[in-house]
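Student: Would you mind keeping the following structure in view while I ask a few things?
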Amino acid sequence: MEQSNQKKSEYSNEKKEKNLSRTMSDRHVLMISLGGVIGTGLFLSSGYTIHQAGPLGTLIAYGIGAILVYLVMLCLGELSVAMPYTGAFHVYAKKYIGEHTGFTVAILYWLTWTIALGSEFTASGLIMQQWFPHVPTWVWSLFFIVLIFSLNALSVRWFAEAEFWFSSIKVVAIILFIIIGGLVILGILPFNGVRGGIGLSHFYDHGWFPNGFSGVFTTMLTVNFAFSGTELIGITAGETINPEKTIPHAIHASLWRLILFFIGSMFVMSALISYHQAGVSQSPFVLVLNEVGIPYAGDIMNFVVLTAIMSAANSGLYASTRMLWSLSNEGTLPPLFKKTTQKKVPLFAMAVSMVGGLFALFSSIYAPGSVYLALVSISGLAVVLVWMAIALSEINFRKSYLKEGKALADLKFKTPAYPIVPWLAFTLSGLSCLLIWFDPSQRIALYYTIPFVLLCYVGHAWYQKRH
83 MEQSNQKKSE YSNEKKEKNL SRTMSDRHVL MISLGGVIGT GLFLSSGYTI HQAGPLGTLI
143 AYGIGAILVY LVMLCLGELS VAMPYTGAFH VYAKKYIGEH TGFTVAILYW LTWTIALGSE
203 FTASGLIMQQ WFPHVPTWVW SLFFIVLIFS LNALSVRWFA EAEFWFSSIK VVAIILFIII
263 GGLVILGILP FNGVRGGIGL SHFYDHGWFP NGFSGVFTTM LTVNFAFSGT ELIGITAGET
323 INPEKTIPHA IHASLWRLIL FFIGSMFVMS ALISYHQAGV SQSPFVLVLN EVGIPYAGDI
383 MNFVVLTAIM SAANSGLYAS TRMLWSLSNE GTLPPLFKKT TQKKVPLFAM AVSMVGGLFA
443 LFSSIYAPGS VYLALVSISG LAVVLVWMAI ALSEINFRKS YLKEGKALAD LKFKTPAYPI
503 VPWLAFTLSG LSCLLIWFDP SQRIALYYTI PFVLLCYVGH AWYQKRH
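Counting from 1 along the sequence shown, just add 82 to a position and that's the residue number in our numbering.
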């Protein structure tokens, strides 16, 4: 696919930089991959999944989501260790699927994180206004915009260190939540003023699947969106001190982390909250802590959510910046986008990404029913489409690697059970996109995303022919 165009316009490796500054340590990459996943989707939107799929259905949906993400990460592991490039996804897609696909993947991923920037800065201002009601929301949004931009602009090390501490707060909060919830279930701590083991009655007192088993499938896109961010491991590969050791470690650890943090907290919430209550009025985390009698539960969770928002914005600016740098490095965007500071930070690409985030922020205020709705719908599906591209790139990479006569034993990290794992990752990702057709509230995402993807693909093909 697209091979003739690719051969004609591909740049030699000697003319391109493969990575920026290699300053991220093992602990940085581990926490960045973790921090990219644990966001407002878990803290605020998890109640929606419980409400739609029911307690058992939620655990099944998150279990399938965790397996899918792990399969994608196994594919990404082989690619990113063999080719630890900054802005890796679209480089792999360009080389092993086609130039137009590579461009489309980069734009989709850039858009995903840029839209996230706008929503995160809006949310941060709203949370701060709860504590400081007399200060306008835009003042706090501006403050956090300057803070996140500064952390990323100073150096990669500053970004990574900030992300490490942001993620650490979230991890500690979730572990404490699971422990407190477990003590309530066992009857050691009171719940709603009553001490006594609640047990697991909420899992079956309205039937195993109160809204039918179809709720499991219609919530899969929401679940996959909650898991989006693990692929940041691939973005960091080009700026990691020892990618051959660090990347496999982070990938293998991702499955148990996802099980512990997501499925563990979902299990606790499902056991303690009736599916009727979940997703209706407030964060299920706040609801549980209030019922346990934890003082200032709302303020505590608001602080944790604010941390999650800052972490998402931090990662979002980093990821979107590296995508623009990589596009410039590949010759798709002007050279200005790959110019860096002395600390190897692509400042112009970062500024453009931040402007994109500000556009998303303003569109959420002035055009929430049109422009912003389209942007959010596209970004919701974009990550899953990127996962499909990663899996297909891995399939074609392995074929190409062996065709060149290279030994499989020379690969530092090999995707196990090839080609079953990459094909399964590709198929499950594709199915999760198609299944949203059966949910009228999410179907609109297909209406916006399919034309946008075609526009990017055909537009890039037309541009390549003209130049």
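Glycine residues also receive a C-beta, built at the ideal position from the N, C-alpha and C atoms.
Bridge partners of residue 276, per DSSP?
Tutor: Answer by DSSP bridge pairing, in chain order: 273.
Student: Under three-state DSSP, which class holds residue 312?
Tutor: Three-state DSSP puts residue 312 in coil, outside helix and strand.
Student: Rounded to whole angstroms, what is the Cα-Cα separation between residue 362 and residue 489?
Tutor: With a pLDDT of only 49 at residue 362, under 50, the local geometry of the prediction cannot be trusted, and the value read off the model is given with reservation. Cα-Cα distance, rounded: 56 angstroms.
Student: What is the DSSP secondary structure of residue 318, reduced to helix, strand or coil?
Tutor: It is helical.
Student: Looking at the structure shown, is residue 134 part of a helix, part of a strand, or coil, going by DSSP?
Tutor: If DSSP states are grouped into helix, strand and coil, residue 134 belongs with the helices.
Student: Taking the CB atoms as reference points, tell me whether residue 240 and residue 402 lie closer together than 8 angstroms.
Tutor: No.
Student: Quick one: residues in its chain with C-beta nearer than 6 angstroms to the C-beta of residue 371, no 5 flanking neighbours on either side, listed in chain order?
Tutor: So the qualifying residues of the chain are 379.
Student: Once you ignore the five residues that flank residue 494 on each side, which residues in its own chain have a CB closer than 6 angstroms to its CB?
Tutor: Only 163, 326 meet the Cβ criterion.
Student: Under three-state DSSP, which class holds residue 285?
Tutor: Residue 285: helix per DSSP, three-state reduction.
Student: Only counting the same chain, and skipping five residues up and downstream in sequence, which positions put a Cβ closer than 6 angstroms to that of residue 530?
Tutor: Correct list, in chain order: 456, 459, 460.
Student: Any contact between the region 182 to 199 and the region 505 to 516? By contact I mean 3 or more CB pairs, one from each, below 8 angstroms.
Tutor: Cβ pair count under 8 angstroms is below three, so no.
Student: Where does the unbroken alpha helix (DSSP H) through residue 419 begin, and where does it stop?
Tutor: Premise fails: residue 419 is in no alpha helix (DSSP H) and is neither H nor E.
Student: For residue 329, count the other beta carbons within 10 Å of its own beta carbon; 16 or more makes it buried, fewer makes it exposed. Which is it?
Tutor: The residue is buried, with at least 16 neighbouring Cβ atoms inside 10 Å.
Student: Go ahead and pull the three-state DSSP assignment for residue 449.
Tutor: Reduced to three states, the DSSP call for residue 449 is coil.
Student: Mind checking residue 389: buried by the 16 CB within 10 Å criterion, or exposed?
Tutor: Buried, because 16 or more other Cβ atoms sit within 10 Å of the Cβ of residue 389.
Student: May I ask which residues mark the beginning and end of the alpha helix (DSSP H) holding residue 239?
Tutor: Start and end: 238 to 267.
Student: State whether the region 423 to 431 contacts the region 174 to 183, with contact taken as three or more CB pairs (one from each stretch) at a distance under 8 angstroms.
Tutor: Contact between the region 423 to 431 and the region 174 to 183 is absent, because fewer than three Cβ pairs lie under 8 angstroms.
Student: For residue 406 and residue 228, what's the separation of their Cα atoms in angstroms?
Tutor: When rounded, the distance between both Cα atoms is 20 angstroms.
Student: My output table needs one value for residue 181: the three-state DSSP class, helix, strand or coil.
Tutor: Here residue 181 sits in helix by DSSP.
Student: So, do the region 306 to 316 and the region 152 to 172 have three or more beta carbon pairs nearer to each other than 8 angstroms?
Tutor: As far as the Cβ criterion goes, the region 306 to 316 touches the region 152 to 172, which means the pair count is three or higher.
Student: Can you tell me where the alpha helix (DSSP H) with residue 547 in it begins and where it stops?
Tutor: Here the alpha helix (DSSP H) through residue 547 covers 526 to 548.
Student: In this structure, how does DSSP classify residue 489 when only helix, strand and coil are distinguished?
Tutor: Residue state, collapsed to three classes: coil.
Student: What did DSSP end up calling residue 552 once you bin it into helix, strand or coil?
Tutor: As displayed, the chain neither begins before 83 nor continues past 549, which places residue 552 out of reach and without an answer.
Student: On the three-state DSSP scale, how would you describe residue 330?
Tutor: Correct three-state label for residue 330: helix.
Student: Measure the alpha-carbon distance for residue 369 versus residue 222 and round it to whole angstroms.
Tutor: Cα to Cα, residue 369 sits roughly 26 angstroms from residue 222.
Student: Please report how far the alpha carbon of residue 286 lies from the alpha carbon of residue 356, in whole angstroms.
Tutor: Roughly 10 angstroms separates the two Cα atoms.
Student: Would you check if there are 3 or more beta carbon pairs closer than 8 angstroms linking the region 294 to 306 to the region 132 to 140?
Tutor: As far as the Cβ criterion goes, the region 294 to 306 touches the region 132 to 140, which means the pair count is three or higher.
Student: Pick from 210, 235, 273: whose alpha carbon is nearest that of residue 382?
Tutor: Looking at the Cα atoms, 210 is the closest of the given residues.
Student: According to DSSP, is residue 362 helix, strand or coil?
Tutor: Only weak support exists for where residue 362 lies, its pLDDT of 49 falling under 50; the value from the coordinates is given anyway. Three-state result, residue 362: coil.
Student: From what residue to what residue does the alpha helix (DSSP H) around residue 165 run?
Tutor: Segment: none, residue 165 is in no alpha helix (DSSP H) and carries neither H nor E.
Student: According to DSSP, is residue 120 helix, strand or coil?
Tutor: Correct three-state label for residue 120: coil.
Student: Taking the C-alpha atoms as reference points, what is the distance between residue 145 and residue 548?
Tutor: If I take the Cα positions, the gap works out to 47 angstroms.
Student: Does the beta-carbon distance from residue 234 to residue 130 come in below 8 angstroms?
Tutor: In this structure, residue 130 does not lie closer than 8 angstroms to residue 234 by Cβ.
Student: Look up residue 376 in the DSSP assignment and say whether it is helix, strand or coil.
Tutor: In this structure, residue 376 counts as coil in the three-state DSSP scheme.
Student: Would residue 157 and residue 503 be called neighbours here (beta carbons separated by less than 8 angstroms)?
Tutor: Yes, Cβ-Cβ distance for residue 157 and residue 503 is below 8 angstroms.
Student: Run through DSSP, which three-state label would residue 499 get?
Tutor: In this structure, residue 499 counts as coil in the three-state DSSP scheme.
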